[in-house]
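Residue numbers for the sequence shown follow the UniProt record's numbering, beginning at 1 and rising by one. Below is one structure, written out as structure tokens; comments come after it.
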Amino acid sequence: MKTICVLNNKGGVGKTTTSINLAYGLGNQNNKTILIDFDPQANSTDYFIDENREYVYIDEMIQGAETKIYPTDNENVFFIPSRLDLALTERNILLDTKAQHNRLLKVIKNLREEFDYIIIDCPPILNLLIVNALNASDEVIIPIKVDKAAEKGFGVTKQSIQDIADSYDLDLDYKILFTMVNRNNTDKFRMQSIREKYGDKIIDVTIRNQPKPVTDAGYDQAAVVLGKSNVGKDYQELIQELLTKWQEV
């Protein structure tokens with residue numbers, strides 16, 4: 001079982017889209033997969049939630065409630081929902097005298113024998129939630145949109161991952177995924193510059209900028225990786241590349 005958190009300190013880089021399509025893409029390859037929405041904004045949850053159903057949310061689970069997982073329209077994909085209360089829960093944990101860094105790990109520890117992959121959709125802010133996500137993870141995928149702000153966010157994210165890994169003695173690997181890529185010389189030049197600096201940390205497949213299929217998928221509570229759009233094909237290729245690399249380890 002492998003746990004992957006999708007993280008960037010900068011919002012608007014395709015973090016949630018990547019998390020959802022990783023989960024569905026892995027599930028479509030017959031891997032039992034859970035997507036944990038660990039972001040108080042709950043954007044991943046919006047893809048799956050049934051407003052007529054009652055849920056136990058991740059903020060309740062990390063405070064001691066029983067772990068509950070919920071099905072999606074893919075028999076191999078399950079999710080754990082989030083809500084705004086998660087932001088308040090972080091404050092409650094900070095005031096607690098019990099261990100603060102391993103609450104999420106305790107939630108998922110009993111799921112590891114049953115599932116192949118766990119994907120954690122993280123908030124775009126470095127706080128105690130991120131400490132919990134990294135302590136529960138084997139690998140981090142950092143989506144980067146090719147612009148100055150996102151690249152700066154990547155630098156902060158990478159350093160924070162290293163600092164947290166050092167503080168808690170974690171053996172964490174990270175991979176960089178280019179998202180929302182425009183097929184022009186400017187983006188090609190910027191990606192090449194980052195590739196030269198970070199080498200084997202770069203995922204070969206890039207996710208192109210194709211807003212309409214992504215937006216439509218959100219309204220339809222669907223995943224572009226299961227469709228025929230170009231961006232969907234990019235995510236299909238991403239799944240194949242990651243599975244190949246993970247199986248080599």
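Cβ atoms here follow ideal geometry from the backbone N, Cα and C, with glycine treated the same way. Quantities reported herein were computed from a predicted structural model and do not represent experimental measurements.
When Leu7, Arg83 and Ser160 are compared, the shortest CA-CA separation from alanine 42 is found for Arg83. Phenylalanine 154 sits in a helix when the DSSP states are folded into three classes.
By the neighbour-count criterion, in which a residue is buried when 16 or more other Cβ atoms sit within 10 angstroms of its Cβ, asparagine 127 is exposed. Secondary structure within the region 81-131: the beta strand (DSSP E) runs of 3 or more consecutive residues, fully enclosed, are 117-121 (chain order). Excluding sequence positions up to five before and after asparagine 21, its CB lies within less than 7 angstroms of the CB of Ala223, Val224, Val225 and Tyr235, all in the same chain and listed in chain order. For aspartate 173, the enclosing beta strand (DSSP E) stretches over residues 173-179. Here valine 146 has Phe178, Val181, Asp187, Arg190 and Met191 as same chain residues with Cβ atoms under 7 angstroms from its own Cβ, once five neighbours each way along the sequence are excluded.
By the neighbour-count criterion, in which 16 or more other beta carbons inside 10 Å mark a residue as buried, tyrosine 117 falls on the buried side. Linking phenylalanine 38 to asparagine 184 through their CA atoms gives a straight-line distance of about 34 angstroms. A straight line joining the alpha-carbon of serine 160 with that of asparagine 135 spans about 13 angstroms.
Between isoleucine 4 and isoleucine 141 the beta-carbon gap is near 6 angstroms, inside 8 angstroms, which marks them as a contact.
Within the region 15-65, the complete alpha helix (DSSP H) segments at least 4 residues long are 15-28, 43-48 and 58-61, listed from N- to C-terminus. Sixteen is the threshold: since fewer than 16 other Cβ atoms of the shown chains lie within 10 Å of the Cβ of proline 211, the residue is exposed. C-alpha of asparagine 76 to C-alpha of serine 193: approximately 38 angstroms in a straight line.
Threonine 17 sits away from valine 205, with the two beta carbons spaced by 7 angstroms or more. Residue pairing from DSSP places glutamate 139 in a beta bridge opposite Ile4 and Asp173. Taking C-beta atoms as the reference points, proline 143 and asparagine 8 count as a pair closer than 7 angstroms. In terms of Cβ geometry, isoleucine 69 and isoleucine 80 form a close pair [threshold 7 angstroms].
Annotated three-state conformation of isoleucine 164 is helix, per DSSP. Valine 131 is classed as buried because its beta carbon has at least 16 other beta carbons within 10 Å across all chains shown. For the set Tyr57, Gly155 and Pro40, the Cα lying nearest the Cα of alanine 87 is the one of Pro40. Under the three-state reduction of DSSP, isoleucine 144 is assigned to strand.
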